[in-house]
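Protein chains in written order, with the working numbering: chain F, 2 to 128; chain S, 2 to 128. Notes follow the structure.
Number of protein chains: 2
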Amino acid sequence: MRTSSISNAILKVLESQDDHLTAKEIYEIMKKTFTAVDTSTIYRALERLVHVGKVSVSDMGGTAVVYELVSKNPHHHLVCEKCHKQITFRNEKVSDFLDSIEKESGFQITTNHLVLFGICPECQKKK
Amino acid sequence: MRTSSISNAILKVLESQDDHLTAKEIYEIMKKTFTAVDTSTIYRALERLVHVGKVSVSDMGGTAVVYELVSKNPHHHLVCEKCHKQITFRNEKVSDFLDSIEKESGFQITTNHLVLFGICPECQKKK
DNA sequence: TGTATTATTGAAAATGACTTTCATTATCAA
DNA sequence: TTGATAATGAAAGTCATTTTCAATAATACA
Numbered sequence: 002m003r004t005s006s007i008s009n010a011i012l013k014v015l016e017s018q019d020d021h022l023t024a025k026e027i028y029e030i031m032k033k034t035f036t037a038v039d040t041s042t043i044y045r046a047l048e049r050l051v052h053v054g055k056v057s058v059s060d061m062g063g064t065a066v067v068y069e070l071v072s073k074n075p076h077h078h079l080v081c082e083k084c085h086k087q088i089t090f091r092n093e094k095v096s097d098f099l100d101s102i103e104k105e106s107g108f109q110i111t112t113n114h115l116v117l118f119g120i121c122p123e124c125q126k127k128k
Numbered sequence: 002m003r004t005s006s007i008s009n010a011i012l013k014v015l016e017s018q019d020d021h022l023t024a025k026e027i028y029e030i031m032k033k034t035f036t037a038v039d040t041s042t043i044y045r046a047l048e049r050l051v052h053v054g055k056v057s058v059s060d061m062g063g064t065a066v067v068y069e070l071v072s073k074n075p076h077h078h079l080v081c082e083k084c085h086k087q088i089t090f091r092n093e094k095v096s097d098f099l100d101s102i103e104k105e106s107g108f109q110i111t112t113n114h115l116v117l118f119g120i121c122p123e124c125q126k127k128k
């Protein structure tokens, strides 16, 4: 992976966002600075960043996958199936849980974001 | 949802398989009996089955999403990122874990399959 | 038992995320 | 500086999934 590429700019965008973004959203932001950038370049840069472990990909149930910075401070997501609200939670139980799965299975777990679907408190009331 | 539709046949296929299948795989099987069935019909039937809670959808990291019967006996999947081997595991820790997330968040968790990615023991050795 | 109502279907085309090809340009190592 | 290799833009391609629309099948209800 070489420096001074689109990848660095993508990393900066992801740092400033502190949120997950789709490739298209990243593309729209990048276009402001790199007017001629192509979506394929974005996808390829993201692929490299995921490969080196700097960025994670998650399927949050939408039509496109989302990308986010791999932070030292792991967090997870709850997605409401009704209103599609997404909340972030941090919970040390998750890593304890993943550790125990690792031990039992022998797999070295790479999932660093758990995405759980459910119905949020507000939508439960609406029923 | 009306009876005697494709949905019933899909349920039978899923029962007999005890494995997850892509829409395309289901389509190929269905074509043997319903020669003129269309993929759109399969997708629509699956959508209904998911909606009524008889079938679950999961993203196992492949290009297509997979469908499987919602069984009383919940199970989960580990997917190897290197060799794409998929193993199924049952673990009561998962439901304990999900219960605790439910209590903390107030979300009513609907995720019934956990898909965790990692590197399987064999691929770890190959390193 | 007809008949209106509404769901399901097949066919075909459309959508949209993502990938690939290929020629060009930029970066790094020697 | 030069040569090897990686990154890029442009354009076209792939492929899962969805949508449109007209036809058909299933249920409700007269």
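Glycine included, every Cβ here is placed at the ideal spot set by N, Cα and C.
Quick one: is residue i near chain S, going by C-beta distance under 8 Å?
i	result
Asp100 (chain F)	no
Cys121 (chain F)	yes
Gln125 (chain F)	yes
Gly107 (chain F)	yes
Glu82 (chain F)	yes
Leu50 (chain F)	no
Leu12 (chain F)	no
Spell out whether any CB of chain F is found under 8 Å from the CB atom of residue i.
i	result
Phe79 (chain S)	Inspection of the sequence shows that residue 79 (chain S) is occupied by Leu rather than by Phe. Yes, its Cβ sits closer than 8 Å to a Cβ of chain F.
Thr112 (chain S)	yes
Asp140 (chain S)	A query on residue 140 (chain S) cannot be resolved here, the shown segment of chain S reaching from 2 to 128 and no further.
Leu70 (chain S)	no
Phe35 (chain S)	no
Lys94 (chain S)	yes
Leu47 (chain S)	no
Asp60 (chain S)	yes
Leu117 (chain S)	yes
What is the residue span of the beta strand (DSSP E) that residue i lies within?
i	result
Leu117 (chain F)	116-120
Here's the rule: buried if 16 or more other CB atoms are within 10 angstroms of the residue's CB, otherwise exposed. What is residue i?
i	result
Thr112 (chain S)	buried
Ile30 (chain S)	buried
Cys84 (chain S)	exposed
Tyr44 (chain F)	exposed
Ser57 (chain F)	buried
Ala37 (chain F)	exposed
Val95 (chain S)	buried
Ile88 (chain F)	exposed
Ser59 (chain S)	buried
Any heavy atom of the ligand FMN inside 7 Å of the beta-carbon of residue i?
i	result
Ala65 (chain F)	What this structure holds is no ligand at all, so the ligand FMN is not there to describe.
- Message: So within the region 59-93 of chain S, which uninterrupted beta strand (DSSP E) runs reach at least 3 residues, ignoring any that extend past its ends?
- Response: 67-70, 77-81, 87-90
- Completely contained alpha helix (DSSP H) runs for the region 13-53 of chain F, where each covers 4 or more residues: 24-34, 40-52
- Query: Okay, do the region 47-67 of chain S and the region 14-29 of chain S touch, 3+ Cβ pairs below 8 Å being the bar?
  - Reply: yes
- Query: Using 8 Å as the threshold, is the region 113-121 of chain S in touch with the region 74-82 of chain S, meaning 3 or more CB pairs across them?
  - Reply: yes
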